[in-house]
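Worksheet: the structure to be examined is printed underneath.
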């Protein structure tokens, strides 16, 4: 039996930042070949960076200014001992898992309580996310670019 779907199964939107940069965001619940695929890619005039949750211990970096014969994507291993947090885990270079990122969040929160410094993200960051979502939904209704309200 086919029933009406009452949730958003997919979303794609463009964003324009105050400095003129453009962004494309997309999400879906029905990309069957991808189980929990979370990635981000940032491209600039000279360089690009890419991260994938399925390979969370690596950051991929490309710089077009590199000499042509060595130009290409390079992998930055972010679980080596000189990376933040890694001094608290096992032998440098061994992979950490998805759950370890939550341990890092709790550690930052507890350190903030001890030091009297706020942890990030905070409530205002969450509100800013909701402001973006509201602008995206309004844009979908109006078919126009919408300004994102500033979180106060």
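Numbering (the working numbering), first residue to last: 64 to 215.
All C-beta atoms in this analysis are idealised placements derived from N, C-alpha and C, irrespective of residue type, glycine included.
Taking 8 Å as the threshold (C-beta atoms), are residue j and residue i in contact?
i: residue 182; j: residue 189; result: no
i: residue 86; j: residue 75; result: no
i: residue 120; j: residue 154; result: no
i: residue 180; j: residue 194; result: no
i: residue 156; j: residue 143; result: yes
i: residue 110; j: residue 127; result: yes
i: residue 72; j: residue 92; result: yes
Whole angstroms are fine: how far does the CA of residue j sit from the CA of residue i?
i: residue 171; j: residue 163; result: 12 Å
i: residue 46; j: residue 90; result: Within the shown structure, residues of the chain are numbered from 64 to 215, placing residue 46 beyond reach of any answer.
i: residue 199; j: residue 97; result: 24 Å
i: residue 114; j: residue 102; result: 5 Å
i: residue 147; j: residue 116; result: 18 Å
i: residue 197; j: residue 214; result: 12 Å
i: residue 135; j: residue 151; result: 32 Å
i: residue 165; j: residue 81; result: 32 Å
i: residue 178; j: residue 192; result: 27 Å
i: residue 137; j: residue 125; result: 6 Å
Looking at the structure shown, is residue i part of a helix, part of a strand, or coil, going by DSSP?
i: residue 162; result: helix
i: residue 134; result: coil
i: residue 100; result: coil
i: residue 151; result: helix
i: residue 111; result: strand
i: residue 170; result: helix
i: residue 117; result: helix
i: residue 204; result: helix
i: residue 72; result: coil
i: residue 197; result: helix
i: residue 186; result: helix
i: residue 157; result: coil
Of all Cβ atoms in chain C, is any one closer than 8 Å to the Cβ of residue i?
i: residue 90; result: Of the chains in the structure shown, none is chain C; there is only one protein chain.
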